[in-house]
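Asker: I am attaching a structure below and will ask some questions about it afterwards.
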DNA sequence: TACATTGAGTTCCAAATCGGAACCCTCACC
DNA sequence: GGTGAGGGTTCCGATTTGGAACTCAATGTA
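Written out as structure tokens, the structure reads:
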């Protein structure tokens, strides 16, 4: 199976990664959340080739994660902005960053700190059960398969 | 810049993605969290070529995200198991799955439901501020740069 | 003894993708 | 008329994939 066919999977993770799982794409998204919006800015910050950047941005556009917004006419110049659908990926980026801060620490410390502007506190995300409010770990979760894919989603 | 050099970045997201950001790797991790442990099982479920799977598992091993555990001697057979460091990536997978369930829904519904065994409720993860307990969105966060990289992490 | 099977890879080759650099297009400015 | 900015596309050689076959050690089976 080719990588570009994984959007055919019944799995939500697979379909999500079909849009954002390519090399570079999650870094593009990280930059989006830091306020980067222009092609050349992405290109210089990431060091990715223009060709690949162009391809990744197109996939994000097609996936509805970013949209092009004109910031000037004549000459027409457009920038890439996260849509609401795109902003909903923020928890993914935050958890990736927190995991890196904890398990791959840099000698000079974490590059950025995220401050919750409402309360002024430092954001430390945890996985919490919205039902009981408890912190959740992988071992506390039981996965139940949708009967429509009996045997096709879970192993064995 | 080549993709494999991104582990040199000061950014925690980049260093994290240097290990798990390759095509297929996050799908391997998804399967790990569903209980898949054996080479052939990964290979059949993902449809990835054995060559690529071998490479991705090696990177996960090198990154300390999985470890090899013998499950029988003669012939020696080993399986891949998540380490504590690896299990700490669970929030990333959960948020990817939830995002897919919401924004790329499948006509037959979500493939799996995650039940919090402690309370029996369905897990619905939200990004919450551990300081004030409020739900957090991207727009509520102010990013503060570590002075050591003044100008090298944030745009402009 | 001979043969097939299992698990976990490695090797080989053609096809696709990447990295680097150059080029293009539109418009504005000097 | 030349230069520059922004946002790409084109080209080419190098790397990585996808697909399939092969290896190796040990075990089951005839």
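Residue numbers (my numbering), protein chains in the order written: chain B, 7 to 162; chain R, 7 to 162.
Just so it is clear, CB atoms sit at the ideal spot from N, CA and C, and this is done for glycine as well.
Considering only residues of the same chain and omitting the five flanking positions on each side of residue 98/R, which have a CB-CB separation below 7 Å?
Answerer: none
Asker: Could you check if residue 103/R is buried or exposed, using at least 16 other CB atoms within 10 Å of its CB as the buried criterion?
Answerer: buried
Asker: Along the chain, which unbroken stretches of the alpha helix (DSSP H) at least 4 residues long are found entirely within the stretch 126–153 of chain B?
Answerer: none
Asker: DSSP on residue 101/R, reduced to helix/strand/coil?
Answerer: If DSSP states are grouped into helix, strand and coil, residue 101/R belongs with the helices.
Asker: CA-CA distance, residue 128/R and residue 121/R?
Answerer: 5 Å
Asker: Output the boundary residues of the beta strand (DSSP E) element that contains residue 55/R.
Answerer: Unbroken run through residue 55/R: none, as it is neither H nor E.
Asker: Could you give the first and the last residue of the continuous alpha helix (DSSP H) run that contains residue 25/B?
Answerer: 18–26
Asker: Check distances from the C-beta atoms of the stretch 15–28 of chain B to those of chain R and list, in chain order, the residues that come in under 9 Å.
Answerer: 15, 16, 17, 18, 19, 20, 21, 22, 23, 24, 25, 26, 27, 28
Asker: Any Cβ of chain R within less than 8 Å of the Cβ of residue 39/B?
Answerer: Yes, because at least one Cβ of chain R sits closer than 8 Å to the Cβ of residue 39/B.
Asker: Under 8 Å between C-beta atoms, does residue 107/B make it to chain R?
Answerer: yes
Asker: Taking the alpha-carbon of residue 50/R as reference, which of 91/R, 65/R, 66/R, 33/R has the nearest alpha-carbon?
Answerer: 33/R
Asker: Can you check whether the C-beta of residue 130/R is within less than 8 Å of a C-beta belonging to chain B?
Answerer: yes
Asker: Quick one, are the C-beta atoms of residue 152/R and residue 114/B less than 8 Å apart?
Answerer: Taking 8 Å as the Cβ cut-off, residue 152/R and residue 114/B qualify as a contacting pair.
Asker: Apart from the five residues on each side of it in sequence, which residues of its chain come closer than 7 Å, Cβ to Cβ, to residue 16/R?
Answerer: 155, 158, 159
Asker: Would residue 115/R pass as an interface residue toward chain B - the criterion being a Cβ-Cβ separation below 8 Å?
Answerer: yes
Asker: Under a Cβ-count criterion, where at least 16 other Cβ atoms within 10 Å of its own Cβ denotes burial, should residue 81/B be classed as buried or exposed?
Answerer: Its Cβ having fewer than 16 others within 10 Å, residue 81/B is exposed.
Asker: What residue range does the alpha helix (DSSP H) around residue 35/R cover?
Answerer: 31–39
Asker: Can you name the residues that DSSP bridges to residue 119/R?
Answerer: 150/B
Asker: What is the C-beta distance between residue 29/R and residue 105/B, in whole angstroms, given that I count them as a contact (C-beta under 8 Å)?
Answerer: Not really, about 19 Å apart at Cβ, beyond 8 Å.
Asker: How about residue 18/B and residue 46/R: are their beta carbons less than 8 Å apart?
Answerer: no
Asker: Which residues in the same chain have their Cβ closer than 7 Å to the Cβ of residue 1/B, if we skip the five residues on either side of it in sequence?
Answerer: Outside the displayed span of chain B (7 to 162) sits residue 1/B, for which this structure offers no information.
Asker: Hey, could you find the ends of the beta strand (DSSP E) residue 93/R is sitting in?
Answerer: Annotation: residue 93/R is outside any beta strand (DSSP E); the continuous alpha helix (DSSP H) that includes it extends over 90–93.
Asker: Give the secondary structure of residue 79/B by DSSP, where H, G and I count as helix, E and B as strand, and everything else as coil.
Answerer: coil
Asker: Do you know how far the Cα of residue 138/R is from the Cα of residue 57/R?
Answerer: 47 Å
Asker: If we count the other Cβ atoms within 10 Å of its Cβ and call it buried at 16 or more, is residue 69/B buried or exposed?
Answerer: Residue environment for residue 69/B: buried (at least 16 other C-beta atoms within 10 angstroms of its C-beta).
Asker: Would residue 136/R pass as an interface residue toward chain B - the criterion being a Cβ-Cβ separation below 8 Å?
Answerer: Closer than 8 Å to some Cβ of chain B, the Cβ of residue 136/R qualifies, so yes.
Asker: Please determine, among 63/B, 144/B, 101/B, the residue with the shortest C-alpha to C-alpha distance to residue 39/R.
Answerer: 144/B
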